[in-house]
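Residue numbers (my numbering), protein chains in the order written: chain A, 1 to 316; chain B, 1001 to 1238.
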């Protein structure tokens, strides 16, 4: 363990050496090595494209197809600091209400930092906060959707459908009592404000580096499939994806599973360990299926595609 | 690159490590249960446990708040011993010795006596498991004039090779030296509050219900053990 610590210290030290600076800040001038950073918001492919049934890693394992009609999120308060240099800090406190299915071509710029210290920023985070009156409507979101998010204080709103030709909706407490359900709709808004920190790309060290004289492209990434996971992932997404629980949550069999219905469903009734579910590691208690949706909504903030931001904190 | 500057920075880090560096520590771990009491379960059932034996371990404590195999490849401290202990006994029961280094702890990942290590082809019960299980319970559930007596063997099995059945359990401590003691508290009564005994209401009156491993009741206990009423870790003065 001590060896790990020392190795880390050496890496940090050498990282500072590589950039030739150890005292830069986002606004300082002088002869320090400088560069730029562009922070783009990215939506995982599952948001515009949905998820297909199948046996592949990214497929829904229990035969359901998922399509989103709407996927709104509140994103902002990007920040980055350097462990090796307490003076170096990048911050953009702005918060945007975003339609993740209508991101501008080329991506949505969350922040731009120009002429800043060209070093490694190893401590990176951002928020998916609850919308407020001071949140800004991003390009691409309708005025009505943005107003709805602000009015309800949502951090996330999703609307869509799961479908399966021979699909069934089964009673959570009496699993043998089922009715046909080829399509089940959902329309869920959640005030699940969460801060995400210690972001790291899929490979390599945490954070990002700004090259001297160049521009780093940094992509906070919102994932769209976590409520289909069979566990609360902490780092690498070692999981399966299933959707039967949503169909089973349609208690009145009207073709739509509401959050109110999910609030009546015990999590232990629809997430059995025998089907691979494990509910440990959530930052809220998971007593109901609605809690599970919220717990997973608090994990959606990822980084540089499949990278993770494993330190999660509830925001009021 | 300024070589002199580089060497200075490197040495500063090295010296910093030496001055405030981690030291190896070891200290005792004890388990503290909760005495049996009547708890309200689903459907108006009242549950009273008569026996609750639990195997906790191994436990790995990590510096990060989120812990998994990739985020916490080396633990800051670990309790490798696994013993069956009486979770209805509120007195301290020796669980073993924690080995580790000084420093802050942000989370725990652990098993309940059944592990699935990277080197194992399938999950296996440790010697310290409770008769080969994670936990063994006996008790009764009452609603009105109906009483169900039950026994349950619960197996908390890691869902994948190289993982633990509980990952990323938040805990917080700053271990300065060996002058401390780890106190692990569990309340097995709470583990039964999410059980719906209507699942067994048709059982013959005089029978003892053996809770099936694939039942909703067993899953409710598992969810409580691993997610909603998990063991609490506290570092206290010895």
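C-beta: ideal position from N, C-alpha, C; glycine also.
Considering only residues of the same chain and omitting the five flanking positions on each side of residue i, which have a CB-CB separation below 8 Å?
| i | result |
| --- | --- |
| residue 1181 of chain B | 1027, 1028, 1029, 1030, 1235, 1236, 1237 and 1238 |
| residue 288 of chain A | 262, 263, 264, 265, 266 and 267 |
| residue 28 of chain A | Residue placement at residue 28 of chain A cannot be trusted, given a pLDDT of 40 that sits under 50; what the coordinates show is reported in the next sentence. Same-chain partners within the cutoff: 87 and 117. |
| residue 94 of chain A | 76, 77, 110, 111 and 136 |
| residue 987 of chain B | Absent from the structure is residue 987 of chain B, since the part of chain B shown begins at 1001 and ends at 1238. |
| residue 1140 of chain B | 1047, 1048, 1050, 1147, 1148, 1149 and 1150 |
| residue 30 of chain A | Note on residue 30 of chain A: pLDDT 46, under 50, position unreliable in the model; the coordinate value appears next. Excluding positions up to five away in sequence, the list is empty. |
| residue 43 of chain A | 71, 100, 101, 103, 221, 222 and 224 |
| residue 253 of chain A | 169, 179 and 181 |
| residue 228 of chain A | 51, 60, 66, 241, 242 and 243 |
| residue 1043 of chain B | 1143, 1196, 1197 and 1198 |
Since residue i sits in a beta bridge, which residues does DSSP pair it with?
| i | result |
| --- | --- |
| residue 38 of chain A | A:112 and A:217 |
| residue 1029 of chain B | B:1096 and B:1182 |
| residue 303 of chain A | A:220 and A:307 |
| residue 200 of chain A | A:308 |
| residue 49 of chain A | In DSSP, residue 49 of chain A forms no bridge with anything. |
| residue 1173 of chain B | B:1105 |
| residue 76 of chain A | A:95 and A:127 |
| residue 1148 of chain B | B:1141 |
| residue 71 of chain A | A:158 |
| residue 1112 of chain B | B:1057 |
| residue 1062 of chain B | B:1107 |
| residue 1040 of chain B | B:1046 |
| residue 90 of chain A | A:80 |
| residue 1154 of chain B | B:1135 |
Taking 7 Å as the cut-off, decide whether the C-beta atoms of residue i and residue j are in contact.
| i | j | result |
| --- | --- | --- |
| residue 294 of chain A | residue 138 of chain A | no |
| residue 290 of chain A | residue 315 of chain A | no |
| residue 169 of chain A | residue 177 of chain A | no |
| residue 1189 of chain B | residue 1037 of chain B | yes |
| residue 1102 of chain B | residue 1023 of chain B | yes |
| residue 1055 of chain B | residue 1129 of chain B | yes |
| residue 196 of chain A | residue 301 of chain A | yes |
| residue 1063 of chain B | residue 1100 of chain B | no |
| residue 121 of chain A | residue 82 of chain A | yes |
| residue 1041 of chain B | residue 1193 of chain B | yes |
| residue 207 of chain A | residue 97 of chain A | no |
| residue 1186 of chain B | residue 1231 of chain B | yes |
| residue 1167 of chain B | residue 132 of chain A | no |
| residue 1113 of chain B | residue 1092 of chain B | no |
| residue 1222 of chain B | residue 1156 of chain B | yes |
| residue 226 of chain A | residue 296 of chain A | yes |
| residue 311 of chain A | residue 277 of chain A | no |
| residue 1090 of chain B | residue 1033 of chain B | yes |
| residue 68 of chain A | residue 167 of chain A | no |
Could you tell me which chain A residues have their CB closer than 8 Å to the CB of residue i, listed as they occur along the chain?
| i | result |
| --- | --- |
| residue 1122 of chain B | None at all; the shortest Cβ gap to chain A is about 15 Å. |
| residue 1194 of chain B | 266, 268 and 287 |
Cutting at 6 Å between CB atoms, please list the residues of its own chain near residue i, excluding the five before and the five after it.
| i | result |
| --- | --- |
| residue 233 of chain A | 239 |
| residue 1142 of chain B | 1046 |
| residue 292 of chain A | 267 and 286 |
| residue 91 of chain A | 79 |
| residue 1080 of chain B | 1058 |
In chain A, which residues lie with their C-beta within 7 Å of the C-beta of residue i?
| i | result |
| --- | --- |
| residue 1228 of chain B | 285, 286 and 287 |
| residue 1159 of chain B | 231, 276 and 278 |
| residue 1223 of chain B | 267, 268 and 279 |
| residue 1219 of chain B | 268, 272 and 273 |
Can you pull the chain B residues whose beta carbon is under 7 Å from the beta carbon of residue i, in chain order?
| i | result |
| --- | --- |
| residue 269 of chain A | 1216 |
| residue 201 of chain A | Within chain B, no residue comes near residue 201 of chain A; the closest Cβ sits about 13 Å away, beyond 7 Å. |
| residue 46 of chain A | In chain order: nothing, as chain B lies at least about 21 Å away. |
| residue 114 of chain A | Residues of chain B passing the Cβ test: none, with the nearest at roughly 24 Å. |
What does residue i touch in chain B if you count any residue whose Cβ is under 9 Å from its own?
| i | result |
| --- | --- |
| residue 304 of chain A | Those within 9 Å of residue 304 of chain A in chain B number zero; the least Cβ separation is about 16 Å. |
| residue 87 of chain A | Those within 9 Å of residue 87 of chain A in chain B number zero; the least Cβ separation is about 14 Å. |
| residue 165 of chain A | In chain order: nothing, as chain B lies at least about 27 Å away. |
| residue 81 of chain A | None at all; the shortest Cβ gap to chain B is about 17 Å. |
Name the chain C residues whose beta carbon is nearer than 8 Å to that of residue i?
| i | result |
| --- | --- |
| residue 211 of chain A | This model lacks chain C altogether, as its protein chains are A and B. |
Among the residues of its own chain, which have a CB less than 7 Å from the CB of residue i, if the five just before and after it don't count?
| i | result |
| --- | --- |
| residue 1164 of chain B | 1109, 1110, 1111 and 1158 |
| residue 1016 of chain B | Because residue 1016 of chain B carries a pLDDT of 39, less than 50, the predicted location of this residue cannot be relied on, and the following value inherits that uncertainty. The answer is none, since no qualifying residue turns up. |
| residue 269 of chain A | 172 and 173 |
| residue 1019 of chain B | Its pLDDT being 40, under 50, residue 1019 of chain B is placed unreliably by the model, and the measurement read from it follows with that caveat. Nothing listed; no residue qualifies. |
| residue 211 of chain A | 35 and 118 |
| residue 248 of chain A | 169, 170, 172 and 270 |
Could you tell me which chain A residues have their CB closer than 9 Å to the CB of residue i, listed as they occur along the chain?
| i | result |
| --- | --- |
| residue 1135 of chain B | Ordered by position in chain A, no residue passes the 9 Å Cβ test against residue 1135 of chain B, which lies about 14 Å from the chain. |
Which residues in chain B have a C-beta closer than 8 Å to the C-beta of residue i? List them in chain order.
| i | result |
| --- | --- |
| residue 282 of chain A | 1227 |
| residue 194 of chain A | Within 8 Å Cβ-Cβ: nothing; residue 194 of chain A doesn't reach chain B, min ~13 Å. |
If you scan the segment 1181 to 1228 of chain B from start to end, which runs of the beta strand (DSSP E) of 3 or more residues do you find wholly inside it? 1181 to 1185 and 1208 to 1210
Starting from the N-terminal side, write out each stretch of the alpha helix (DSSP H) that is 4 residues or longer and does not extend beyond the segment 239 to 268 of chain A. 244 to 248 and 259 to 262
Please specify which runs of the beta strand (DSSP E), each continuous and at least 3 residues long, are wholly inside the segment 108 to 190 of chain A, giving them in chain order. 108 to 117, 123 to 128, 156 to 163, 168 to 170, 178 to 180 and 183 to 190
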